[in-house]
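Numbering (this note's numbering), first residue to last: 16 to 411. Yeah, the Cβ is synthetic: ideal placement off N, Cα and C, and Gly gets one too. A quick write-up on the structure given underneath.
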RNA sequence: GGGUAGGUACCGAAGCGGUCAAACGGGGCAGACUGUAAAUCUGCUGGCUAUGCCUUCAGAGGUUCGAAUCCUCUCCUGCCCA
């Protein structure tokens, strides 16, 4: 068994690549040298059903552990999700219903296994132990940490400094999450740098229980498409890992050059080739990421299609969703119908559509349609541009 | 429990009887310029069957020709004291 492991020092080198914070490498090396599979914990909150590239950074690291022969322990925080992780938050999180959490957990794991090796992953729900606790147990748990420790956290400190509320259940979060480490007897815990505090609490609790404390491994937080805030669904700056190839590629093409370099590093583990034209580099990034979650062919065609649409403006044979003109033939009606039919999730309001039209965003074969009441001759095969990202082909 | 400051659109924040769908900033969207980059300039940013109509300024009532603005009660939050 142990013979199948790479030498500990080699493993260490691989594992610490791209890691922002490791406490401590020395201890990790010692654990690796034992030659037995390590239990690597990753706690996830099923608060949002869609996994995106931001989550992928840490999942990729976990997979790396798996590849080296270690045991991944994925904790679904069905219980903790009801508290809501206050990390990096300036406000209290809304609590989720039990049903929503379970449904999210389902889609979450399904997506996580696009990255992780399912056969080498142990999945546990932390409700398993927390739901059994009595109030007395909870008090006991709370007795292990001090108020001062909890208040040391950035998030709380900031909120207090800004006269914003901090609710008591929120300061329970690190305690609860830390206890997970004791329950699963983790050797290593992964998380974003914003999880440092939480993970350290787990380490303390293990020590308290007489266990060998877990290694803390924090990965850099991936910025979202805006390049400023962290990638998150609620900020609408994310690329979902199960998004369509074209969608993925398009989103990645809209990022800034600066951010592109970060993505190369954090998502691909590569240094950006500065000799490359930024545009080409970005296309390469897009292709590689699409290839990772779909296929090489999908990546190639996403790129070709994108280039046809946006670079060459040769819309002729680009692959576009087809829209069949309905009852309404006026510009306002057609644009509204097209959004509702093909992009219902992002359909703008009537007023917003009016704006798109009057501001020249809506174009038929490159010609701006600025009159909402106009009734152009809609001909099959023509390309109607709705907004910056969306175009449709008029169906016959 | 006492005192005190507050609750305004996506966020921050003005407004304190009419000219308020509500200044300003951020964010977002759109156009020009580009590489669907950045920077810059410009416009827009409650909804609708749209030269008008409807619903908003924590909630419920009230005063008034007229309220985000005044009064009453209720709910919520910060800070100080206990």
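| Asked | Found |
| --- | --- |
| How many Å lie between residue 237 and residue 389 at the Cα? | 45 Å |
| Mind the definition here: the stretch 114–134 touches the stretch 184–195 only if three or more C-beta pairs lie below 8 Å; say whether that holds. | no |
| Taking the beta carbon of residue 229 as the centre, do at least 16 other beta carbons fall within 10 Å, making it buried, or is it exposed? | buried |
| Exposed or buried, what is residue 49 when buried is set at 16 or more other beta-carbons lying within 10 Å of its beta-carbon? | exposed |
| Taking residue 67 as the reference, which of 374, 308 and 39 has the closest Cα? | 308 |
| Just to confirm before moving on: does the CB-CB distance between residue 261 and residue 320 stay below 8 Å? | yes |
| Cα separation between residue 133 and residue 72? | 17 Å |
| Shortest alpha-carbon distance to residue 392 belongs to which of 177, 345 and 211? | 345 |
| Under the rule that 16 or more other beta-carbon atoms within 10 Å means buried, what is residue 196, buried or exposed? | buried |
| In this structure, does DSSP put residue 337 in helix, strand or coil? | strand |
| Please classify residue 359 as buried or exposed, where buried requires at least 16 neighbouring CB atoms within 10 angstroms. | exposed |
| Based on Cα-Cα distance, which residue from 25, 356 and 373 lies nearest to residue 407? | 356 |
| Would DSSP call residue 69 helix, strand or coil? | helix |
| Per DSSP, what kind of secondary structure is residue 401 in: helix, strand or coil? | coil |
| Between the C-alpha atoms of residue 151 and residue 164, what's the straight-line distance to the nearest angstrom? | 22 Å |
| Keeping to the same chain, check which residues put their C-beta closer than 8 Å to that of residue 371; ignore five residues upstream and five downstream. | 350, 363, 377, 401 and 402 |
| Which residues in the same chain as residue 210 place their Cβ atom closer than 6 Å to its Cβ, once the five residues preceding and following it in sequence are excluded? | none |
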